[in-house]
Structure formats: structure tokens, C-alpha cells
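Visitor: Using the numbering used here, read the sequence shown as starting at 531 and increasing by one per residue.
Handing you this structure, nothing more for now.
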Amino acid sequence: MREHDNRVIDRFIELASIDGESFNERLVADYIMEEFQKLGIQLSEDDTASKIGGNCGNLYGFAEGQGKYADSEPVLFCAHMDTVAPGNNKKIILNDDGTITSDHTTVLGADDRVGIAGIIEAYTRVTTEGMDHPPIEFLFTVAEEVYGLGSSAFDYSKIRSRIAFAPDCSGEYGVYSSCEPSLISFEVRIKGKASHAGYEPEKGINAIAVAASAISRIKQGWTDDHTTLNIGTIEGGSVTNAVPERCIIKGEIRSDVHEDAYRTMDHVESIFSEDAVRAGAELWIDKKERITVYKIDVNARSGSALDRYKRALEKQGKRAAAKKSFGGSDINSLIKHGMDGLNIYGPMHSIHTTEEYTTVREIISFTELIKNLMTQP
Ligand SMILES: [Zn+2]
531 MREHDNRVID RFIELASIDG ESFNERLVAD YIMEEFQKLG IQLSEDDTAS KIGGNCGNLY
591 GFAEGQGKYA DSEPVLFCAH MDTVAPGNNK KIILNDDGTI TSDHTTVLGA DDRVGIAGII
651 EAYTRVTTEG MDHPPIEFLF TVAEEVYGLG SSAFDYSKIR SRIAFAPDCS GEYGVYSSCE
711 PSLISFEVRI KGKASHAGYE PEKGINAIAV AASAISRIKQ GWTDDHTTLN IGTIEGGSVT
771 NAVPERCIIK GEIRSDVHED AYRTMDHVES IFSEDAVRAG AELWIDKKER ITVYKIDVNA
831 RSGSALDRYK RALEKQGKRA AAKKSFGGSD INSLIKHGMD GLNIYGPMHS IHTTEEYTTV
891 REIISFTELI KNLMTQP
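Listed below in C-alpha cells is the structure:
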């Protein structure tokens, strides 16, 4: 392998080894800041840590354009620093067959440390080998795995780029997210009335019964061909000999059609309120729009992020492949803030499981791809 190929593999293993579950990205951020400092770029950290209750903010950096592309349109590269759990004390194993895994007691965290490693290494080559490149912006986010909290809290007035790439899409080489949904999370709190379960149950209002009635009337799973609804947690009551006064239900709705996410939320609210009124219980519903849907025009117009992505892939003899995602990522936020963002391929498989893996071969090609994206006007 070439020297820089070895370097990116070492860098990935180093990065993947660092603890950094959501809200605990400090050590990852320190590593990235130090590496950029070596390349002459001072990353700044925003105040997102205090806003979301983490130990680290988002990192932002800017590199002046060089050579014949110095005045070209700037382009932004984004990756998230957090991993899902279990993501602490990872042992990263480079296997003989060229796969890289954890010891299967934790995730590997290729999602998204491989994106970070690729961006740092590609920029290292671009700058140390004196390649012509447009101005480049860097954004490393926190808490992406928690509804993109970090990127949602970022101040986009700093950003100069229109075009953005976030390598955070798992799948075959060249894949990209063509669509990610709107997501609304909700919490329903029901307050009934406590009473003794044996002496005078008729005086109580059973909050769990209200919840059960409402939930049984709400269709879960796919509510139409592009919307899902899930009630994920329920807690209520305290002892078996009292009519339960309280019940708390939490759930989420995702939809490819923004209005339909809200229409489904309205339906949930009306069912709960009907049952609460009927039982004489009090009801509070909090809802929060976590991410906002986007759709990429697959007929990439010239100069768009997708057009650039296709051209960079062509240089490698590869093609772009659209993939509909029902996940959500930092790109939802970037697009919401007016950017032409694209969630592009990152070499990561079986993500969010302890079987997560990547391969040496893919990391090397992927880093070349990022380098191509950085050096093409
Ligand atoms: Zn990710």
C-alpha cells in the first residue's frame, strides 16, 4: 500500500478507538482539533454543549482556496463525531481478510469516524501535496445520532458554502440518500386520579386504562405507504393496590411528506384527548419536530452536489446509486438551512450493531473520493 493509504487506515483505527457516544464527544473533538492544527487550520467550537447537555460543541473550520480554484465556490464537508451505544472501550481489530471490526462487544463506530478519517486524510493530501482546490469548510457535529441535535443547534450564518457533503450513508460504493423523512417525536402525559384499588376503585381515574384505550385505537407501524408511527415507551402507576394516577407515553412519527407527519400527529392527539375527556383525566402532549424531510432531484442539475458527486465517482469508474432512507441525518439540517447538501457513501456496514464493519479497500477508495470532491471546482 502507498504511504497515505496506510496512514488513513491507521487514522481510522485511532479515531474509532476513541470513546464518544452522543453527548460525550470531547476526546474525539480534541483529536480532530489537534490534527487540523498540524495542517494550519484552527477549528472553532460552538456553544452547543451547554444547549444540549453534552460535553462538547460542534467544530467548524475554513481553509482558503488554492491555485486555479482559489476563487471557486466553497464546498463544505460534514461528519458527526458521536457514535451510538455500546460505544465505549472499543477494541478495533484489523482482520486478515481486510475487514475492520470491533471485538463484537461494542459497535465499531465506522459510522461516522470513517467519514472523519477520510475528510482529515483527504485534506492532508490536498494541502501537503499542493493540489488546487476551492475554499473548503469543515463541520464536525455532536449528537447526530440523537435526531441530529448538534447540527440543528449550529449557527449557519457562519457558513459560506452552498454545496455540502456528509459521508454518512451506508451501503454499496457510490450510494447516497435521495430522501430522508420529517420526524416528530411526542410525549403524552395523562393524569387521572389515585384511589385505593380495593376499598374505593370507583373514585379513581385509571391513567393506564386511558392510555391503553387510546393506544389500542391508534394504528402503529406504516400508517400509509410513506408514514410510520411508533409508540416506543410507556410508564405509569407505582403500586398494584392503587388506581394509577399517571401514565407517560413516548413515541415518534416519520413521513416522506411533511404535512402527513403533522396530520398523523393530529390524529394521535385527537384520539388521546377523546379518551382522556371520556375518562375525566387531564392530558398534556408535547411534540417536537426533530428533522425536516428533503428529497434530492436525481436528475442532478449541473453544478449541484449530486452532479459533483457523480463526476467524482466517474473518475473512479463508479456510479452514484440513490437510496431512500427513513433515518435522518445532519443533511436534513443543512438542507433546511438552504444548502444543497448530500448524504454520500461512507464505508460502513451493519451500522448500529456490534457486527458493524468496514474494509481497508473501501476506506482507501473512499478517501480518494473525498479528495476528488475537494479538488474539483
Ligand atoms: Zn451516522
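Glycine included, C-beta positions come from ideal geometry on N, C-alpha and C.
Given the structure is predicted, the values throughout are model-derived calculations rather than measurements.
Thinking Phe553 and Met611 are a contact (beta carbons under 8 angstroms), I'd like their distance in whole angstroms, please.
Guide: Translated into the one-based positions of the sequence shown, residue 553 becomes position 23. Translated into the one-based positions of the sequence shown, residue 611 becomes position 81. Going by Cβ atoms, the distance from Phe553 to Met611 rounds to 11 angstroms, so no, they are not a contact pair.
Visitor: May I ask you to check if the CB of Asp577 is nearer than 6 angstroms to at least one heavy atom of ligand 1?
Guide: Locating residue 577 in the sequence shown gives position 47, where the first residue counts as 1. Checking the Cβ of Asp577 against ligand 1 gives no.
Visitor: Is any heavy atom of ligand 1 found at a distance shorter than 6 angstroms from the C-beta of Asp641?
Guide: Translated into positions along the sequence shown, residue 641 becomes position 111. Checking every heavy atom of ligand 1 against the Cβ of Asp641, one is found closer than 6 angstroms.
Visitor: Taking 6 angstroms as the cut-off, is the C-beta of Asp698 nearer than that to any heavy atom in ligand 1?
Guide: The residue labelled residue 698 in the question sits at position 168 within the sequence shown. Result yes, Cβ under 6 angstroms from ligand 1.
Visitor: Is Ile582 near ligand 2, with its Cβ less than 6 angstroms from a heavy atom?
Guide: In the structure shown, ligand 2 is absent; the only ligands present are ligand 1.
Visitor: Please name the residue, chosen from Leu624, Pro697 and Lys901, that lies closest to Gly871 on a Cα-to-Cα basis.
Guide: Within the sequence shown, the letter at position 341 stands for residue 871. Of the listed residues, the one whose Cα sits closest to Gly871 is Pro697.
Visitor: Would Leu759 and Arg643 be called neighbours here (beta carbons separated by less than 7 angstroms)?
Guide: For the purposes of this step, residue 759 is taken as the residue at position 229 of the sequence shown. For the purposes of this step, residue 643 is taken as the residue at position 113 of the sequence shown. Their beta carbons are not under 7 angstroms apart, which means Leu759 does not touch Arg643 by this criterion.
Visitor: So for Thr910, helix, strand or coil by DSSP?
Guide: Outside the shown range of the chain, which is 531 to 907, sits residue 910, and nothing can be said about it.
Visitor: So, does the region 819–830 touch the region 760–767, judging by three or more C-beta pairs under 8 angstroms?
Guide: Contact between the region 819–830 and the region 760–767 is absent, because fewer than three Cβ pairs lie under 8 angstroms.
Visitor: Rounded to the nearest angstrom, what separates Glu775 and Phe802 at their Cα positions?
Guide: On the sequence shown, residue 775 is found 245 positions in, with the first residue counted as 1. On the sequence shown, residue 802 is found 272 positions in, with the first residue counted as 1. Those two C-alpha atoms are separated by around 16 angstroms.
Visitor: May I ask which residues mark the beginning and end of the beta strand (DSSP E) holding Asn760?
Guide: As a working note, residue 760 is residue 230 in the sequence shown. From DSSP, the beta strand (DSSP E) with Asn760 extends over Thr757 to Gly766.
Visitor: Helix, strand or coil for Gly645? Go by DSSP, reduced to three states.
Guide: For this step, residue 645 is matched to residue 115 along the sequence shown. In the structure shown, Gly645 sits in a helix (DSSP, three-state: H, G or I).
Visitor: Which residue from Asn736, Leu864, Glu789 and Glu819 puts its Cα closest to that of Glu812?
Guide: Position 282 of the sequence shown, counted from the first residue, corresponds to residue 812. The residue with the shortest Cα to Cα distance from Glu812 is Asn736.
Visitor: Helix, strand or coil: how does DSSP classify Asp685 here?
Guide: The count along the sequence shown starts at 1 and reaches residue 685 at position 155. Reduced to three states, the DSSP call for Asp685 is coil.
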